[in-house]
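To convert, note that position 130 of the sequence shown is 233 in this note's numbering; the numbers rise steadily by one, no gaps. Since the structure comes first, as structure tokens, the remarks are kept for the end.
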Amino acid sequence: MTTPDKVTILTIQQKKQQKQPITMLTAYDYPGALLVDQAGIDLILVGDSLAMTVLGHPNTVSVTMDEMLHHCKAVARGAQRAFLIGDMPFMSYQVDPRDAVRNAGRFIKEAGMDAVKLEGGREVAATVRAIVDAGIPVMGHVGLTPQSAGKLGGFKVQGKTATAARRLLEDALALQEAGCFAVVLEAVPSPVARLVTERLDIPTIGIGAGPHCDGQVLVFHDLLGLFDRFTPRFVKRYADLRQPVLEALQAYRQEVESRTFPGPEHSFSMDPAEEAALLKELAS
Ligand code: KIV
104 MTTPDKVTIL
114 TIQQKKQQKQ
124 PITMLTAYDY
134 PGALLVDQAG
144 IDLILVGDSL
154 AMTVLGHPNT
164 VSVTMDEMLH
174 HCKAVARGAQ
184 RAFLIGDMPF
194 MSYQVDPRDA
204 VRNAGRFIKE
214 AGMDAVKLEG
224 GREVAATVRA
234 IVDAGIPVMG
244 HVGLTPQSAG
254 KLGGFKVQGK
264 TATAARRLLE
274 DALALQEAGC
284 FAVVLEAVPS
294 PVARLVTERL
304 DIPTIGIGAG
314 PHCDGQVLVF
324 HDLLGLFDRF
334 TPRFVKRYAD
344 LRQPVLEALQ
354 AYRQEVESRT
364 FPGPEHSFSM
374 DPAEEAALLK
384 ELAS
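Listed below in structure tokens is the structure:
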């Protein structure tokens, strides 16, 4: 059942028009989705970043459609209000637009997502058009596109020259023209993000794109300090949960090893007569 205040594409379009910031976060499982949703975040992205933050891969390219769908289903069970976006994994949309439409459809039909996201500019515009024509909302993603980090020469800031910035703007315009409802700008200089945001009618969602975008996204594990393999400069940690979680796990281990846990307050007692009968039985 849809909740009355469920976020839709119209909600975020209105937020852009009224210059109200749009909030977005990743989530990858049921408890994470519950928390993000209860925090009142507008958009939840089940990002392919889960390949690294949850599955332990060195990059995002190896995550599969089935793995993405598995996590999306869990998130859909946890979120009531937020608009849910499933990230299309590498090679699920690049080969053939018909495959792309089929795979996008699985995010909606099987996994309970409201929309999909895919990476790339003008080169994916025809694919975006095909998915939108099938009735599926699409979020674009330009700038640093991790699935093609190899082609970009690594995880580098994009659009740093006037020529590169112009190309980035043209890519974003091509995505808008193809029917995207919003576009992520990742790792681009603030003036470039500002220009793109001013030129587009659809909302821009920044990550490493400065303060002028219509909205902001961060990765759940980065925000909470749960992923410390590397931390990009654009991440702000709002909590450092790794240490308290580690301390709790160590305290548990020590209490089990010293037989302090479980104590009487965590154990079930028996009717005294039944207990006496049991002790008699054990003694015989
Ligand atoms: O996969 C992801 O988490 C993303 C965000 C960083 C936008 O694509």
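Think of the CB as a built atom: it goes at the ideal place given N, C-alpha and C, for glycine as much as any other residue.
### Proximity test, Asp151 beta-carbon vs ligand 1 heavy atom, cut-off 7 Å
Locating residue 151 in the sequence shown gives position 48, counting from the first residue. Yes, the Cβ of Asp151 comes within 7 Å of a heavy atom of ligand 1.
### Task
Spatial neighbours of Gly181 within its chain, please: CB distance less than 6 Å, with the 5 preceding and 5 following residues excluded, ordered by chain position.
On the sequence shown, residue 181 is found 78 positions in, with the first residue counted as 1. Closer than 6 Å at Cβ, skipping near neighbours: Tyr133, Ala136, Leu137.
### Message
Cutting at 7 Å between CB atoms, please list the residues of its own chain near Ala130, excluding the five before and the five after it.
### Response
Position 27 of the sequence shown holds residue 130. Ala136, Val139, Ile147, Val149, Val178, Phe323.
### Query
What residue range is occupied by the uninterrupted alpha helix (DSSP H) comprising Thr391?
Outside the shown range of the chain, which is 104 to 387, sits residue 391, and nothing can be said about it.
### Message
Can you give me the C-alpha to C-alpha distance between Pro314 and Asp343, rounded to a whole angstrom?
### Response
The residue labelled residue 314 in the question sits at position 211 within the sequence shown. The residue labelled residue 343 in the question sits at position 240 within the sequence shown. Straight through space, the alpha carbons of Asp343 and Pro314 are spaced by roughly 24 Å.
### Query
Between Met216 and Ala285, is the Cβ-Cβ spacing less than 8 Å?
As a working mapping, residue 216 is identified with position 113 in the sequence shown. As a working mapping, residue 285 is identified with position 182 in the sequence shown. Inclusion of Met216 and Ala285 in the CB contact set at 8 Å is not warranted, their separation being larger than that value.
### Message
What does the Cβ neighbour count give for Val231, buried or exposed, with the cut at 16 atoms within 10 Å?
### Response
On the sequence shown, position 128 is the one that residue 231 refers to. With 16 or more other Cβ atoms from the protein chains shown falling within 10 Å of its own Cβ, Val231 counts as buried.
### Query
Looking at the unbroken alpha helix (DSSP H) that takes in Val164, where does it start and where does it end?
Position 61 of the sequence shown, counted from the start, is the residue given in the question as residue 164. Per DSSP, Val164 belongs to no alpha helix (DSSP H) and is neither H nor E.
### Message
Taking 7 Å as the cut-off, is the C-beta of Leu148 nearer than that to any heavy atom in ligand 1?
### Response
The count along the sequence shown starts at 1 and reaches residue 148 at position 45. Yes; taking the cut-off as 7 Å, the Cβ of Leu148 has a heavy atom of ligand 1 nearer than that.
### Query
Comparing the CB of Ile188 with every heavy atom of ligand 1, is any distance shorter than 7 Å?
Within the sequence shown, numbered from 1, the residue matching residue 188 stands at position 85. For ligand 1, not one heavy atom lies less than 7 Å from the Cβ of Ile188.
### Message
Mapping the DSSP letters down to three states, classify Glu213 as helix, strand or coil.
### Response
Along the sequence shown, one-based indexing puts residue 213 at 110. The three-state reading of DSSP puts Glu213 in coil, since its state is none of H, G, I, E or B.
### Task
Check whether the Cβ of Val245 sits closer than 7 Å to any heavy atom of ligand 1, and report yes or no.
By 1-based counting over the sequence shown, the position of residue 245 is 142. For Val245, the CB stays at least 7 Å from every heavy atom of ligand 1.
### Task
Indicate the three-state DSSP secondary structure (helix, strand or coil) for Ala354 in the structure shown.
By 1-based counting over the sequence shown, the position of residue 354 is 251. The three-state reading of DSSP puts Ala354 in helix, counting H, G and I together.
### Message
Let me check understanding here. Comparing Cα to Cα, which of Gly309, Arg205, Glu378, Asp325 lies closest to Thr248?
### Response
Residue 248 sits at position 145 when you count from the first residue of the sequence shown. It is Gly309.
### Query
Does the beta carbon of Thr129 fall short of 7 Å from some heavy atom of ligand 1?
Translated into positions along the sequence shown, residue 129 becomes position 26. It does: the Cβ of Thr129 is within 7 Å (strictly closer) of some heavy atom of ligand 1.
#### Entry: Span of the beta strand (DSSP E), counted from its first residue to its last, around Val219
Here residue 219 corresponds to residue number 116 of the sequence shown, with the count starting at 1. Where Val219 is concerned, the enclosing beta strand (DSSP E) stretches over 218-220.
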